[in-house]
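Report on the structure given below.
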Amino acid sequence: MFERPGGGERALLVHLRLQKLGDNQLDYGDFEFKDRQREFEELCLSAGCEIIQSITSQRYAPDPKSYMGKGKVGEVRQLVVDQEIELVIFNHSLSPVQERNLESLLKCRVLDRTGLILDIFAQRARSFEGKLQVELAQLKHLATRLVRGWTHLERQKGGIGLRGPGETQLETDRRLIGHRIKKLTSRLKKVSGQREQGRRSRAKAETPTVALVGYTNAGKSTLFNQLTNDDVYVADQLFATLDPTLRRLDLDGGSHLVLADTVGFVRDLPHDLVAAFRSTLSETRDADLLLHVVDAARDDRENCIEQVNDVLQQIEANERPVLMVFNKSDLLNREPAVDRDDQGKPQRVWLSAQDGEGLGLLKEVLAEIFRDQLHRGWVLLEPHEAALRRLYEIKVVQDESTDEQGRIMMQLLINERDLQAVGLADRFSSAKDGETLLKEAV
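In this note's numbering, the protein residues as written are 441 to 882.
Rendered as structure tokens:
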């Protein structure tokens with residue numbers, strides 16, 4: 441039994457190259473290994489670490505007790521003593537047993553990639569909702585770490601007056617954490633309800649929502665500020681923006697939309713964090729359009745795109761319409777441009793958010809997309825059809841009338857996505873009035 445070591449900022453980074461990562465995962469190549477190592481260092485710097493040294497090693501598979509072999513553990517232990525290391529951070533997810541064993545062997549605090557990202561999010565959270573979400577994710581992570589590795593967790597001992605039934609400190613901690621998780625979950629439901637009310641208000645006002653998504657540090661907040669003339673915090677660091685920000689964006693022709701800036705994604709984002717931020721990320725899931733911002737100057741931009749798509753799939757937003765925005769085109773000496781498919785629909789916009797070049801093109805494309813998406817027309821429904829309730833819920837009914845047979849004629853202003861969702865695409869008529877539709881039905 442041992443007291444868990446205290447933390448610090450003098451850090452030793454450990455990055456292992458594994459030939460077998462999982463059941464169906466094999467070793468990644470040299471380029472991706474170096475890129476993962478670079479991103480790991482950026483994460484540590486974003487957390488405020490003072491990086492003293494980084495070491496790498498190679499294994500076929502993780503050691504079940506200490507993740508790395510005995511020889512490497514001894515090497516790290518010597519570095520901890522010689523360099524006065526206070527914290528050893530692994531660029532991997534450690535099991536509770538591995539974390540406990542490593543702290544016992546190294547005599548210093550050990551942190552894995554999940555704990556590191558949670559710490560960064562805890563520093564960045566500013567809103568009430570964001571703080572609740574981070575705490576919830578941290579508690580869920582901590583609940584798996586109560587593994588009899590700390591002397592304070594088993595204080596109940598035998599002796600006069602101490603024998604008999606009772607609750608150990610370990611059980612007490614688990615119970616208290618469970619109660620706190622339930623309380624936080626309940627609070628987040630209320631905050632989520634308020635956010636949902638805001639979305640319903642925007643839907644009623646027929647205001648489309650566009651969400652900025654992308655790999656962290658791709659330039660989303662810079663683009664957001666340039667488009668909306670806002671001052672969202674911008675910094676050259678990972679997860680500079682955590683809490684979502686919504687602003688109105690006016691487009692040509694008198695139309696407007698709501699633009700949402702969201703947290704950046706990163707590879708191997710902790711599942712507890714994705715689950716805790718599900719209500720915030722619902723701004724992404726329910727958006728009418730996703731602007732996928734890509735750092736065009738990154739050598740591994742295709743890999744970053746895949747990582748973002750994976751997270752979008754986790755939060756069930758992978759079916760949203762997407763417009764790719766390749767930012768930092770100035771670093772490639774490429775002029776702002778719009779790439780279109782064979783039907784002339786915009787697929788990619790190249791721009792530089794920092795210099796403001798290409799912003800006009802992006803606004804023109806957005807106006808074009810939403811001008812084409814909204815349809816006004818009529819539909820004839822029987823009184824018993826379930827689509828009636830759905831149409832009122834999404835607030836797309838502009839006018840209605842009922843004929844002698846009780847059938848309901850509705851004028852709708854609806855986008856293509858909702859029209860397909862309610863199953864009325866084949867019965868929707870763009871006639872100027874409902875008379876023609878009624879005559880055809882008769």
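We put the beta carbon where it would ideally sit given N, CA and C, even for glycine.
Under a three-way DSSP split, which group does residue i fall into?
i    : result
A777 : strand
R614 : helix
G796 : coil
F891 : The structure shown does not extend to residue 891, since the chain is modelled only from 441 through 882, so no value can be given for it.
E759 : coil
Q634 : helix
H863 : Per the sequence shown, the amino acid found at residue 863 is Gly instead of His. In the structure shown, G863 sits in coil (DSSP, three-state: anything other than H, G, I, E or B).
V714 : helix
F664 : helix
G570 : helix
F705 : strand
A727 : coil
D467 : Because the pLDDT at D467 is just 49, under 50, the model does not fix this residue reliably, and the point stays unresolved.
R741 : helix
L699 : strand
R450 : strand
S626 : helix
S870 : coil
D782 : coil
Q747 : helix
T649 : strand
R788 : strand
D552 : coil
Relative to the alpha-carbon of residue i, which residue among the options has its alpha-carbon at the smallest distance?
i    : options                : result
L534 : K510, I525, P502       : P502
V653 : H619, E575, N749, R688 : N749
Y507 : S486, V862, V537       : V537
Q498 : G509, I492, C489       : G509
M849 : Q860, A861, D858, L831 : L831
L624 : I495, E575, S870, G633 : E575
R688 : P648, Q845, L519       : P648
S567 : V631, D866, D613, A487 : V631
L731 : E490, L791, D552, A861 : L791
H696 : A736, A807, H581       : A807
G800 : D613, P776, D782, S841 : P776
N531 : L519, R540, V550, K580 : V550
E833 : Q845, T842, I854       : I854
V513 : N541, Q493, A487       : N541
K660 : Q634, S626, G633, D701 : D701
Q459 : D770, Y500, Q493       : Y500
Q838 : R811, D726, H581, G817 : G817
R847 : K505, E825, N669       : E825
D552 : G618, Q860, L483       : L483
V434 : C744, T612, Q753       : No statement about residue 434 is possible, as the shown extent of the chain runs from 441 to 882 and does not include it.
Between the beta-carbon of residue i and the beta-carbon of residue j, is there less than 9 Å?
i    : j    : result
L628 : E569 : yes
L763 : H815 : no
I529 : L616 : no
L686 : L667 : no
I621 : A562 : no
A565 : K571 : yes
K803 : L709 : no
R788 : V765 : yes
P786 : I755 : no
T724 : A827 : no
V516 : L485 : no
I495 : V521 : no
V778 : V805 : yes
A736 : N773 : no
L893 : A757 : The structure shown does not extend to residue 893, since the chain spans only 441 to 882, so no value can be given for it.
R450 : E490 : yes
R585 : E539 : yes
L456 : Q493 : no
R760 : A727 : yes
V836 : D858 : yes
*Residue ranges of each alpha helix (DSSP H) run of no fewer than 4 residues wholly in the stretch 473 to 549, ordered along the chain?*
510 to 522, 536 to 546
*Using 8 Å as the Cβ pair cut-off and three pairs as the minimum, do the stretch 554 to 566 and the stretch 507 to 526 touch?*
no
*the stretch 693 to 708 / the stretch 654 to 667 touching (three or more Cβ pairs under 8 Å)*: yes
*Is there contact between the stretch 780 to 797 and the stretch 819 to 829, where contact requires at least three CB pairs shorter than 8 Å?*
no
_Assess contact between the stretch 471 to 487 and the stretch 736 to 744, defined as three or more Cβ pairs (one per stretch) separated by less than 8 Å. Is contact present?_
yes
*Counting only runs of 3+ residues fully inside the stretch 797 to 850, write out the beta strand (DSSP E) ranges in chain order.*
814 to 821, 837 to 842
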